[in-house]
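What follows is one structure encoded as structure tokens, with my remarks underneath.
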Amino acid sequence: ERLEAVLPEGRTVWSLPATNEDDPNHAIFVRIQMRESLENEMHMHLLSKVLSPKFFDVCRTQQQLGYIVQMATTSSAGFCYIIAVVQTEFPPDYVRSRIDAFLEEHFTFVAEALASEEFEVCRQ
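Counting from 53, one number per residue, gives the positions in the sequence shown under the working numbering.
Set out below in structure tokens:
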């Protein structure tokens with residue numbers, strides 16, 4: 053059975069122990085949740101379209117945080133989400149701090165400095 057829940061305002065962190073203690077890999081999965089509506093879904097898709105290539109460039113190419121680096125959107129059970137995933141050998145708290153820093157910087161960029169040409173390209 054699949055269950056989903058409304059998360060409380062703020063931050064909820066689940067840290068699960070590895071099934072193989074000898075495996076140096078970690079997976080960091082950041083999920084930003086909003087109630088599903090056409091407006092919220094469009095905002096999430098626009099954010100993902102603008103930020104996904106930047107997320108890959110910053111986290112994979114520049115910072116070399118891991119081999120698997122992805123940002124996407126999804127919706128289900130009355131919620132829509134923007135998701136950031138990084139598979140890494142770095143400590144999870146460090147990678148989470150890098151994801152948080154990216155989101156803070158780039159959410160501000162989208163809100164304040166997104167060029168109209170880039171918006172039009174992403175809108176299509």
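Glycine included, C-beta positions come from ideal geometry on N, C-alpha and C.
(1) Quick one: residues in its chain with C-beta nearer than 8 Å to the C-beta of His78, no 5 flanking neighbours on either side, listed in chain order?
(2) Closest by CA to Gly62, which one among Ile80, Met86, Asp74?
(3) In angstroms with no decimal places, state the Cα-to-Cα distance between Ala136 and Asn72.
(4) Round the Cβ separation of Ile134 and Ser100 to the nearest angstrom and send it over; I've been treating them as touching at under 8 Å.
(5) Once DSSP output is grouped into helix, strand and coil, what is the label at Gln114?
(6) Name, in chain order, the residues that DSSP records as bridge partners for Ile120.
(7) Just checking my contact of Arg150 with Gln115 at CB under 8 Å: how many whole Å lie between their CB atoms?
(8) Between the C-alpha atoms of Val74 and Leu68, what's the straight-line distance to the nearest angstrom?
(9) In angstroms with no decimal places, state the Cα-to-Cα distance between Ser104 and Val58.
(10) Using a threshold of 8 Å, state whether the C-beta atoms of Val121 and Arg112 are closer than that.
(11) Report yes if the CB atom of Glu91 is closer than 8 Å to the CB atom of Ser127, and no otherwise.
On the basis of the supplied data:
(1) Within the same chain, and ignoring the five residues on either side of His78 in sequence, the residues whose Cβ sits closer than 8 Å to its Cβ are Ala70, Gln139, Thr140, Glu141, Phe142, Pro143, Pro144, Val147.
(2) Ranking Ile80, Met86, Asp74 by CA distance to the CA of Gly62 puts Met86 first.
(3) C-alpha of Ala136 to C-alpha of Asn72: approximately 23 Å in a straight line.
(4) Yes, they are in contact, since the Cβ atoms of Ile134 and Ser100 sit about 6 Å apart, within 8 Å.
(5) Residue state, collapsed to three classes: helix.
(6) According to the DSSP secondary-structure assignment, Ile120 is paired through a beta bridge with Gln139.
(7) With a contact defined as Cβ atoms closer than 8 Å, Arg150 and Gln115 qualify at about 6 Å.
(8) The identity of residue 74 in the sequence shown is Asp, whereas the question assumes Val. Distance from the CA of Asp74 to the CA of Leu68, rounded to the nearest whole angstrom, comes to 15 Å.
(9) CA-CA distance, Ser104 to Val58, rounds to 25 Å.
(10) A contact, by the Cβ cut-off of 8 Å.
(11) Going by C-beta atoms, Glu91 is not nearer than 8 Å to Ser127.
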